[in-house]
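Chemist:
Numbering (our numbering), first residue to last: 18 to 439.
1) At the level of alpha carbons, what is the spacing between residue 332 and residue 299?
2) Starting from residue 107, trace the alpha helix (DSSP H) both ways and give me its first and last residue.
3) Kindly indicate which residue of 217, 392, 178 has the alpha-carbon position closest to the one of residue 294.
4) Please report the distance separating the alpha-carbon of residue 34 from that of residue 47.
5) Excluding the 5 residues preceding and the 5 following residue 350 in the sequence, name in chain order all residues of the same chain whose CB lies nearer than 6 Å to its CB.
6) If I measure Cβ to Cβ from residue 50 and keep anything under 6 Å in the same chain, skipping five residues before and after, which residues do I get?
7) Beta carbon of residue 218, beta carbon of residue 306: below 7 Å?
8) Please return the same chain residues whose Cβ sits closer than 6 Å to the Cβ of residue 198, not counting the five positions on each side in sequence.
9) Count the other CB atoms within 10 Å of the CB of residue 206; is the residue buried (16 or more) or exposed (fewer)?
10) Considering only the alpha carbon of each residue, which of 235, 160, 397, 289 lies closest to residue 361?
11) In chain order, what residues of the same chain lie with their CB nearer than 6 Å to the CB of residue 60, ignoring the 5 residues before and after it?
12) Say whether the stretch 363-379 touches the stretch 237-250, bearing in mind that this needs 3 or more beta-carbon pairs closer than 8 Å, one atom from each stretch.
13) Using three-state DSSP, classify residue 331 as helix, strand or coil.
14) What residues in its chain sit with their C-beta under 8 Å from that of residue 63, if we drop five residues either side in the sequence?
15) Would you mind reading off the limits of the alpha helix (DSSP H) that contains residue 178?
16) Assuming residue 39 is part of the alpha helix (DSSP H), what are its boundary residues?
17) With 16 other CB atoms within 10 Å as the buried threshold, where does residue 411 fall?
18) Here's the rule I'm using: 16 or more other beta-carbon atoms within 10 Å means buried, otherwise exposed. How should residue 37 be labelled?
19) Find the nearest neighbour of residue 78 within the set 132, 57, 107, judged by alpha-carbon distance.
20) Going by DSSP in three states, residue 415 sits in which element: helix, strand or coil?
21) On the three-state DSSP scale, how would you describe residue 353?
22) Does residue 151 come out as helix, strand or coil in the three-state DSSP assignment?
23) Starting from residue 379 and walking both ways along the alpha helix (DSSP H), at which residues does that stretch end?
24) Let me know the alpha helix (DSSP H) ranges lying completely inside the stretch 191-256, each 4 residues or longer, listed in chain order.
25) How many angstroms separate the CA atom of residue 167 from the CA atom of residue 276?
26) Just confirm the distance between the C-beta atoms of residue 116 and residue 52, as a whole number of angstroms; I'd bet it's less than 8 Å.
27) Of the residues 121, 101, 154, which one's Cα is nearest the Cα of residue 287?
28) Shortest alpha-carbon distance to residue 359 belongs to which of 204, 31, 228?
And the structure:
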């Protein structure tokens with residue numbers, strides 16, 4: 018009963034005031050997930066060669082990488098709210114621009130620009146959320162952020178069922194969703210972070226702040242990218258039916274979503290490095306077992322895939338929480354850009370390296386990577402903990418604390434006596 022009251026209090030005082038940011042996250046994720054699927058189908062309908070389609074789709078990730086270097090400057094100059102509005106409005110424009118031409122080079126340019134803007138919106142939201150969180154609740158806050166991301170991405174896939182004989186309707190719907198993402202951010206009374214002395218951050222500094230968090234972001238990117246890009250190929254090659262392939266992919270993502278809050282809450286109560294070790298150990302054990310159990314189908318398939326998802330999709334938010342425990346508000350935007358960059362590098366490297374391994378050694382290398390990467394991370398983390406058993410947390414609190422009284426995120430309209438967001 019006491020724990021239930023504590024959980025309810027956390028929702029009321031911590032999560033609810035951030036609802037505007039979570040709503041914007043859901044709209045953004047719903048939009049870009051739907052756009053990615055629609056765009057891939059358009060390329061297939063135009064009979065684009067697989068190699069060319071792959072290059073065009075990869076331009077999205079290149080845009081995200083470039084954003085991690087330069088978008089922070091835009092946010093620092095104009096503030097989180099204006100920057101988010103600019104990125105979201107450009108996304109709305111770029112989506113509609115797809116209908117102007119079917120030239121492959123033109124589409125590749127649009128995908129690059131869309132990736133850049135998505136990277137920018139992610140930096141706005143993640144740095145803003147982490148500025149409002151404290152070391153005592155950051156794990157839970159980030160887990161809710163990830164849950165809304167996955168829910169949005171899942172809902173985005175449903176738009177593929179909408180009849181679109183003209184080929185324009187889906188583009189229009191996605192453009193509207195990107196525009197809707199601006200509403201909760203523009204109308205909220207939740208004050209944006211005020212960064213007076215922005216501090217830059219590069220790879221070396223990010224690694225120095227938290228070697229464990231930095232390496233975990235890369236490892237997370239490798240695993241997530243491998244699952245999304247190669248999961249269906251692995252499931253097909255081992256002989257799963259089309260129905261079971263969809264079950265494999267669905268429950269993998271659902272497993273990650275279901276595990277966000279429990280692992281996030283746990284990481285708020287203990288050294289996050291040990292939570293990351295525990296999650297990695299789960300993968301080391303579950304992945305080899307899954308290689309045999311998925312072939313049995315039914316509950317064996319579902320449970321084993323859920324366990325893989327639990328480990329794969331929870332590493333990133335906890336590593337982000339760990340690093341943000343160790344930085345000041347002046348470093349928050351730069352830290353967010355470095356974390357997005359490192360995960361995107363993993364997202365790019367993972368499918369390339371694992372697909373090469375699958376070509377050389379067979380489909381089993383896919384599942385082996387979900388044991389090998391976590392095992393290497395565990396070894397690295399244990400070595401680091403031995404050298405530095407205690408973490409000197411900054412214990413920073415939000416520069417503009419989350420209001421203790423809940424406010425309606427969608428009707429947090431700026432009234433005459435409401436504080437102005439800067």
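The beta carbon of each residue, even a glycine, is placed where N, CA and C say it ideally should be.
Modeler: Judging by the given coordinates:
1) 11 Å
2) 97-114
3) For residue 294, the nearest C-alpha among the options comes from 392.
4) When rounded, the distance between both Cα atoms is 22 Å.
5) 89, 92, 144
6) 170, 173
7) no
8) 41, 44, 45, 105
9) buried
10) 235
11) 70
12) As far as the Cβ criterion goes, the stretch 363-379 touches the stretch 237-250, which means the pair count is three or higher.
13) The three-state secondary structure of residue 331, taken from DSSP, is coil.
14) 119
15) Element bounds for residue 178: n/a, residue is neither H nor E.
16) From DSSP, the alpha helix (DSSP H) with residue 39 extends over 36-62.
17) Any reading at residue 411 is ruled out, since the residue's pLDDT is 49, under 50, leaving its predicted position unreliable.
18) Classification of residue 37: buried, given that the 10 Å Cβ count is 16 or more.
19) 132
20) Note that residue 415 scores 41 on pLDDT, short of 50, meaning its location in the model is unreliable; the coordinates nonetheless yield the value given after this. Three-state DSSP puts residue 415 in coil, outside helix and strand.
21) helix
22) coil
23) Element bounds for residue 379: n/a, residue is neither H nor E.
24) 199-204, 220-226, 228-254
25) Cα-Cα distance, rounded: 12 Å.
26) The Cβ separation is near 12 Å, so there is no contact.
27) 154
28) 228
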